[in-house]
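Novice: Using our numbering, the first residue of the sequence shown is number 364, and each one after it goes up by one.
All residues carry an ideal CB built from backbone N, CA and C; glycine is no exception.
Take a look at the following structure, please.
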Amino acid sequence: MAELEIHEIRSNDISAIFFINETMASEKWQSGLEDTESLLCGEHPGVYIGELNGKPIATVCFSKYGNAYSHFGFYLVDKKYRGMGYGMKIFSTVFKDINSSQNISAYSVPNMVEKYEIHGFRAQWLCLQHKLDMPKTLEILKAIPSNQNGLTSTKNTNNVHQETLLRYDTAVFGYQRHSFLIKLLHAKGSHVKVAVNSDGAITGYAVARVAYRQQEGYILGPLFADSVEAAKVLLAALFEEMLSHGLSSSSPTAIINCPCSTGRNSNSMRLMEQLEGKNTGHHLVYITTKGVPLGLFDKWFGIASPGIG
Ligand SMILES: CC(C)(COP(=O)(O)OP(=O)(O)OC[C@H]1O[C@@H](n2cnc3c(N)ncnc32)[C@H](O)[C@@H]1OP(=O)(O)O)[C@@H](O)C(=O)NCCC(=O)NCCS
Numbered sequence: 364m365a366e367l368e369i370h371e372i373r374s375n376d377i378s379a380i381f382f383i384n385e386t387m388a389s390e391k392w393q394s395g396l397e398d399t400e401s402l403l404c405g406e407h408p409g410v411y412i413g414e415l416n417g418k419p420i421a422t423v424c425f426s427k428y429g430n431a432y433s434h435f436g437f438y439l440v441d442k443k444y445r446g447m448g449y450g451m452k453i454f455s456t457v458f459k460d461i462n463s464s465q466n467i468s469a470y471s472v473p474n475m476v477e478k479y480e481i482h483g484f485r486a487q488w489l490c491l492q493h494k495l496d497m498p499k500t501l502e503i504l505k506a507i508p509s510n511q512n513g514l515t516s517t518k519n520t521n522n523v524h525q526e527t528l529l530r531y532d533t534a535v536f537g538y539q540r541h542s543f544l545i546k547l548l549h550a551k552g553s554h555v556k557v558a559v560n561s562d563g564a565i566t567g568y569a570v571a572r573v574a575y576r577q578q579e580g581y582i583l584g585p586l587f588a589d590s591v592e593a594a595k596v597l598l599a600a601l602f603e604e605m606l607s608h609g610l611s612s613s614s615p616t617a618i619i620n621c622p623c624s625t626g627r628n629s630n631s632m633r634l635m636e637q638l639e640g641k642n643t644g645h646h647l648v649y650i651t652t653k654g655v656p657l658g659l660f661d662k663w664f665g666i667a668s669p670g671i672g
């Protein structure tokens, strides 16, 4: 086996970013146009590349949020080099330096869940991918009687105090990720709506990013909301705006990855049923090393993406 050169990348490492995005796309992992760049804007992105003779062939990330939590993702080896030990090599090289007191999470493909157990990962719940047809969703939303009676309205981010929005995300996500989120909110072609109650307090927010492969439409998430009603108000405002002047309006669909567990956040599945979201069959398993992390999971209707958490 040729020697794999492993190094951490920065946001100016264009060829490594291209390798990550193209390899994800070849696996049909739908990601946003600037997801990798957004992750790299984080305080401790921990994105690594493995190269053979200067050519990237493997990647993994362990992105750290505060001292107690990391998210593991982007675990990919170029198809031609799989089964030769390169995956294990990059994973274990990076994993051995992760502080063992942290809780590490990931969204695992089903066939890897048992394998990750040797590192201490245990399954928590499923994350089910759905596809929303935006015009149809909007029609359904308009037809559903709302019990909000104007109690929830939406704003664009420039009409919201940024610090307050970031604090809302920290409370719901469980850990601070300000620099990453600022970049995600402002990624090229992104649409963002913030829900506020009659006192002006934030009750949710939703982001839709243009997909890396633009013909795939949009990637929806995070969709965090205090209630199903707030989530619906957010989606209606977001889709209305995207359909009237979205970059990817030629493909009016949005992919959303919904955490789904019994006893915790049954709302996200109920919302998908109501909106007639099509289950794409792309199921992932949320795994962690130290039990359920912080985070208000009942408010998680959609995550940003499995790779970026
Ligand atoms: C998963 C993937 C990165 C592994 O890379 P690889 O270079 O093929 O892996 P290796 O050759 O080092 O694997 C040797 C064995 O260890 C397993 N393995 C790989 N990484 C592992 C890890 N981090 N922990 C435990 N087992 C692991 C492999 O499944 C394989 O098992 P097998 O012999 O039973 O088939 C690669 O197959 C891939 O890119 N798959 C598509 C993307 C994907 O599914 N990524 C995982 C998302 S959770």
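If you measure from the CB of His482, is any heavy atom of ligand 1 nearer than 7 angstroms?
Specialist: Because some heavy atom of ligand 1 lies under 7 angstroms away, the Cβ of His482 counts as near it: yes.
Novice: So what does DSSP say about Ile671, is it helix, strand or coil?
Specialist: DSSP places Ile671 in coil when its eight states are reduced to three.
Novice: Taking 7 angstroms as the line, does the beta carbon of Val440 fall inside it for any heavy atom of ligand 1?
Specialist: Yes; taking the cut-off as 7 angstroms, the Cβ of Val440 has a heavy atom of ligand 1 nearer than that.
Novice: Where does Phe660 fall in DSSP's three states?
Specialist: Of the three classes helix, strand and coil, the one that applies to Phe660 here is helix, per DSSP.
Novice: Would you say Gly665 and Cys621 are within 8 angstroms of each other, going by their C-beta atoms?
Specialist: Against a cut-off of 8 angstroms, the Cβ pair of Cys621 and Gly665 comes out as a contact.
Novice: Go through its chain and collect everything with a Cβ distance to Leu415's Cβ below 6 angstroms, but skip five positions before and after it.
Specialist: Ala365, listed in sequence order.
Novice: Kindly indicate the opening and closing residues of the alpha helix (DSSP H) around Asn628.
Specialist: Element bounds for Asn628: n/a, residue is neither H nor E.
Novice: Ignore the nearest five residues each way along the sequence and tell me which others in His370's own chain have a CB closer than 8 angstroms to its CB.
Specialist: So the qualifying residues of the chain are Tyr411, Ile412 and Glu414.
Novice: Check whether the segment 423 to 430 touches the segment 457 to 472, taking contact to mean three or more Cβ pairs, one atom from each stretch, closer than 8 angstroms.
Specialist: Touching, per the Cβ criterion.
Novice: In chain order, what residues of the same chain have a beta carbon less than 7 angstroms from the beta carbon of Thr399, not counting five sequence neighbours either side?
Specialist: Once the five neighbours on either side are set aside, the close Cβ partners of Thr399 are Ile380, Ile383 and Asn384.
Novice: Could you give the distance in angstroms between the alpha-carbon of Ile687 and the alpha-carbon of Arg485?
Specialist: Given that the chain is displayed from residue 364 to residue 672, the structure contains no residue 687 and the question cannot be resolved.
Novice: Run the proximity test for Lys662: is its beta-carbon closer than 7 angstroms to any non-hydrogen atom belonging to ligand 1?
Specialist: Lys662: no, Cβ never under 7 angstroms from ligand 1.
Novice: Tell me the residue span of the beta strand (DSSP E) that contains Ala569.
Specialist: Segment Ile565 to Val573, the beta strand (DSSP E) holding Ala569.
Novice: Measuring straight from C-alpha to C-alpha, what distance separates Lys499 and Thr533?
Specialist: Going by the C-alpha atoms only, they are around 32 angstroms apart.
Novice: Given Lys442, which residues of its chain have a CB within under 8 angstroms of its CB, disregarding the five upstream and five downstream residues?
Specialist: Correct list, in chain order: Ser389.
Novice: Cβ of Arg445 within 7 angstroms of any heavy atom in ligand 1?
Specialist: Correct: Arg445 has its Cβ closer than 7 angstroms to ligand 1.
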